[in-house]
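Scroll down for the structure; my scribbles are underneath it.
Number of protein chains: 2
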Amino acid sequence: MTDADHRTLHNRVLAALGPAIATGEFAPGHVFTLERLERDYGVSRTVAREAVRVLESMRLVLSRPRTGVRVRPVEEWSVFDPQLIRWRLAGPGRTDQLRSLTELRAAVEPPAAAAAARWASAEKRGRLLAINDEMLAAGGAGDLETFLELDIEFHRLILRLSGNEMFAGLSGVVAEVLAGRTAYHLMPHHPRADALRLHTHVAQAVYDGLPKVAEAAMRAIVDEVVEALSRVDGPRNAR
Amino acid sequence: MTDADHRTLHNRVLAALGPAIATGEFAPGHVFTLERLERDYGVSRTVAREAVRVLESMRLVLSRPRTGVRVRPVEEWSVFDPQLIRWRLAGPGRTDQLRSLTELRAAVEPPAAAAAARWASAEKRGRLLAINDEMLAAGGAGDLETFLELDIEFHRLILRLSGNEMFAGLSGVVAEVLAGRTAYHLMPHHPRADALRLHTHVAQAVYDGLPKVAEAAMRAIVDEVVEALSRVDGPRNAR
DNA sequence: GCATGGTATTGGTAATACTATTCAAGAAGG
DNA sequence: CCTTCTTGAATAGTATTACCAATACCATGC
């Protein structure tokens, strides 16, 4: 959610340069030099180099002597880098990014719910029921802001309870997606009654240790989310 | 597959420091200074800082004045960073990493196969059948090396054909897993007849534009892989 | 076509000044 | 006494600058 620490200069350069590359303003193949960065952002060579090194580790650019810094083809980018995801969500490609992330959610969350039902400890499974209760309350009261927070917490907890580090590593991404689809008004941001019921099913199934039920309920949730995104944003091929 | 470019000094520092952190030798909470890096690796301050910046962008460490560079808790790491995944696969935690990545594969590849069947163009779907033919040939001839290469290419193509950037972004990871489980001898590296048949089903279903069939066949493949990993490596709770 | 050398640009070092953060000592107040 | 707040020094990262080395592109000329 929070952007990278802007206290350091190289992060400020990244905050300008990263989005420029991520949104395609500096398209793949585009070349710039360190000196250019020094002039454009009024920073020293050291700082410019640090920024480039970070972009390099994200596989956004390639730096070579005599050539300069070249933007790499999109297929080579580390598209799972949280920073890069945030940059793309903030730019004009946010709809595409949101769609691909939502499809990723739809793939991962059902198995994650199943794993949580199988492996999670009793105490933590209880927390899921508690959050669900709060969600029902906030949803009924029409308090959309806290509902969003609880929704994020619910899905984050499922991913953590799965006991799989990779699944858990997606919790930040899922939070971005949940926040993003309301922030960008791409979804009807009204908690629907059937969605709420399905969350209860997931929580209860995880609590009762029923992997298949948890997986099916979660799949119903995410499939509906993918559907809703198509309705609002147009079907996939019509982009 | 290939490690990061070792031509630059900061990458050589990373090649030593990264694995040390990734494998827990430098545990979370551990603190070191730039001066320490300068002395240990015989590099200048500039190079040491560049290495730290990269680790920082992977969320492995936090650098603060007066404190030094502190290793962050594992839950905060960017576990999808390809570099980090490679470091962990090379260390003592490779079994756990392989298991979590395999579960990730199992979650993502079936939906990816379905998406490929829905959206991919005719020409590229044909390539899938061709690779499958080669796989059958190599498998029959007992040529395990080229079989592995083709297997990697097969799964990479599915992920690319899905038309989802995030799925496609996992193709490198899947390649690591496929290569890793034979390299570390954690799998019986004999292509099984039923696995081969299932690959054919996937290729044919994608070619014929049958998402549900492609998804089911792929799910059969990856579920068997997860099963096999449990058999060889022990069930998940007995780690 | 192919060698070859000039040159632009990054790679790396070193010295130095600045700045943020911590921590301890001491003062002020309860 | 004990607690809390201020103050200041020590420490380590942050940033700048200048300079030399290495590299790889590219034009030139054979």
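First to last, the protein sequences are chains V and Y.
Just so you know, we're using this note's numbering here: the first sequence kicks off at 1 and counts up by one.
Just so you know, we're using this note's numbering here: the second sequence kicks off at 240 and counts up by one.
The beta carbon of each residue, even a glycine, is placed where N, CA and C say it ideally should be.
Going by DSSP, name the residue or residues bridged to R357 of chain Y. Answer is none; R357 of chain Y lacks a bridge partner.
Mapping the DSSP letters down to three states, classify S302 of chain Y as helix, strand or coil. strand
If you measure beta-carbon to beta-carbon, which residues of the region 118 to 137 of chain V are closer than 9 Å to chain Y? R118 and W119
Which of the three DSSP states, helix, strand or coil, is assigned to F406 of chain Y? helix
Can a CB atom of chain V be found closer than 9 Å to the CB of W316 of chain Y? yes
What does E50 of chain V touch in chain Y if you count any residue whose Cβ is under 7 Å from its own? R288, E289 and R292
Beta carbons nearer than 9 Å to chain V: which residues of the region 328 to 353 of chain Y have them? D335, Q336, R338, S339, L340, E342, L343, A345, A346, V347, E348, P349, P350 and A351
Based on Cα-Cα distance, which residue from Y:A407, Y:R344 and Y:R333 lies nearest to G419 of chain Y? Y:R333
What three-state label does DSSP hand F319 of chain Y in the structure shown? coil
Would S283 of chain Y and E274 of chain Y qualify as a contact pair, given that the criterion is a beta-carbon distance under 9 Å? no
Collapsed DSSP secondary structure at G126 of chain V in the structure displayed: helix
Could you check the C-alpha separation between L287 of chain V and G209 of chain V for me, to the nearest Å? The question about residue 287 of chain V has no answer here: the residues shown for chain V are numbered 1 through 239.
Is the distance from the Cβ of A117 of chain V to the Cβ of A205 of chain V below 9 Å? yes
For chain Y, check one thing: does any of its Cβ atoms lie closer than 9 Å to the Cβ of D153 of chain V? Asp is not the amino acid found at residue 153 of chain V; the sequence shown has Glu there. Output row for E153 of chain V: interface = no.
V308 of chain Y versus T33 of chain V - alpha carbon distance: 29 Å
Look at the alpha carbon of R127 of chain V and the alpha carbon of A115 of chain V, and state the distance between them as a whole number of angstroms. 16 Å
Whether L198 of chain V touches E176 of chain V by CB criterion (9 Å): no
Within 9 Å (strictly less), CB to CB, does R59 of chain V reach chain Y? yes
Cβ neighbours of L55 of chain V in the same chain (closer than 6 Å, five flanking residues each side left out): V61
Round the Cβ separation of R72 of chain V and R88 of chain V to the nearest angstrom and send it over; I've been treating them as touching at under 8 Å. So it is not a contact: roughly 15 Å between Cβ atoms.
According to DSSP, which residues form a beta bridge with R70 of chain V? V:V31 and V:L62
How is S100 of chain V classed by DSSP in three states: helix, strand or coil? helix
Between which two residues does the alpha helix (DSSP H) carrying D143 of chain V extend? Segment: none, D143 of chain V is in no alpha helix (DSSP H) and carries neither H nor E.
Neighbouring residues, chain Y, relative to T46 of chain V (Cβ below 8 Å): T285 and R288
Please return the same chain residues whose Cβ sits closer than 7 Å to the Cβ of V108 of chain V, not counting the five positions on each side in sequence. F167 and L170
Test item: CB-CB of V79 of chain V and A51 of chain V under 9 Å: no
For E215 of chain V, count the other beta carbons within 10 Å of its own beta carbon; 16 or more makes it buried, fewer makes it exposed. Which is it? buried
As assigned by DSSP and simplified to three states, the class of V282 of chain Y: coil
Taking buried to mean at least 16 other C-beta atoms within 10 Å of its own C-beta, is A243 of chain Y buried or exposed? buried
Proximal chain V residues relative to E404 of chain Y, where beta-carbon distance stays under 7 Å: V79 and S100
Beta-carbon proximity of Q336 of chain Y to S57 of chain V, cut-off 9 Å: no
For a quick check, are the C-beta atoms of R53 of chain V and R292 of chain Y less than 9 Å apart? yes
Answer yes or no: do D390 of chain Y and P430 of chain Y have a C-beta to C-beta separation smaller than 9 Å? yes
With a 10 Å radius around its C-beta and 16 neighbouring C-beta atoms as the bar for buried, classify V471 of chain Y as buried or exposed. exposed
Close beta carbons around A22 of chain V, own chain, < 7 Å, minus the five adjacent residues each side: L84, W87, R88 and G91
Could one say the Cβ of H249 of chain Y lies closer than 9 Å to chain V's Cβ atoms, at least one of them? yes
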